[in-house]
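Below is one structure, written out as structure tokens; comments come after it.
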Amino acid sequence: MKQPDFKTFINEARENFKLSIDDLFNAIEILKDDVEELKTQKSNKLSLRGEPKARRGNPK
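Per the working numbering, the sequence shown starts with residue -10, numbered consecutively.
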């Protein structure tokens, strides 16, 4: 079995690195979208229930 030369090895490593970085950015984008959706859902639930009133003073 022939071993790949150094240039081929580096090119394959570079391509694998590019794919990994691309996957990482896609995962970050999906997480960002999910967080925004959850914020919207929570905001909608609060507006349907009515926002909790802020307490004033020192409750005893």
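No residue lacks a Cβ here, since even glycine has one placed at the ideal position from N, Cα and C.
Pairwise C-alpha distance: residue j and residue i
{"i": "residue 9", "j": "residue 37", "result": "42 Å"}
{"i": "residue 25", "j": "residue 14", "result": "17 Å"}
{"i": "residue 0", "j": "residue -6", "result": "10 Å"}
{"i": "residue 3", "j": "residue -3", "result": "10 Å"}
{"i": "residue 19", "j": "residue 12", "result": "11 Å"}
{"i": "residue 35", "j": "residue 7", "result": "42 Å"}
is_contact[residue i, chain B] using C-beta, thresh 8 Å
{"i": "residue -4", "result": "Absence of chain B from the displayed structure is noted, only one protein chain being present."}
Residue i - containing alpha helix (DSSP H), residue span
{"i": "residue 30", "result": "-5 to 38"}
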